[in-house]
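Q:
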Amino acid sequence: MLEIKKDSTPQPKEAASYLPFGELKNIHTAYRLNGKNYLKWSQLVHTSLKGKGKLSHLLGTRPKKGDPRFDAWDEEDSKVMAWLWNSMTPEINDTVY
Numbered sequence: 076m077l078e079i080k081k082d083s084t085p086q087p088k089e090a091a092s093y094l095p096f097g098e099l100k101n102i103h104t105a106y107r108l109n110g111k112n113y114l115k116w117s118q119l120v121h122t123s124l125k126g127k128g129k130l131s132h133l134l135g136t137r138p139k140k141g142d143p144r145f146d147a148w149d150e151e152d153s154k155v156m157a158w159l160w161n162s163m164t165p166e167i168n169d170t171v172y
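For the sequence shown, our numbering begins at 76 and goes up steadily by one.
1. Can you give me the C-alpha to C-alpha distance between K154 and L114, rounded to a whole angstrom?
2. Note down the Cα distance separating T136 from Q118, rounded to an integer number of angstroms.
3. Can you give me the Cβ contacts of Y106 inside the same chain, cut-off strictly under 7 Å, excluding the 5 residues immediately before and after it?
4. If we call anything under 9 Å between Cβ atoms a contact, is E166 one with G110?
5. Any idea if H132 is buried or exposed, counting beta-carbon neighbours within 10 angstroms, 16 or more meaning buried?
6. How is the alpha helix (DSSP H) around T164 delimited, first residue to last?
7. Taking L108 and T164 to be in contact with their CB atoms under 8 Å, please state how far apart those CB atoms are, rounded to whole angstroms.
8. Helix, strand or coil for L108? Go by DSSP, reduced to three states.
9. In whole angstroms, what is the alpha-carbon distance linking P143 and H121?
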């Protein structure tokens, strides 16, 4: 299966699954998690990450260590975590490890 990237060059689905971090900065959170809006925030996070092909980072499905894709996935996971922390109020993200 092929996906079309922004430059309209067809790419194999596997190659397109790891997008540059710049793609994540375009995920804007209308609702920052503040302790009272978890349901709406979690739905927005789930939908946004699914739309960007990053749902595996929420579901914990990752390549195994030793898999050639693991390092790229692990780096991407750190970027997703940073985005998640930035989508929370300071009072909430100070409690997340």
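The C-beta atom is built at its ideal place from N, Cα and C for all residues, glycine as well.
A: Let me spell this out:
1. 23 Å
2. 19 Å
3. N112, K115, W116 and L119
4. yes
5. buried
6. Segment: none, T164 is in no alpha helix (DSSP H) and carries neither H nor E.
7. Confirmed, about 7 Å.
8. In the three-state reduction of the DSSP assignment, L108 falls in the strand class, which pools E and B.
9. 26 Å
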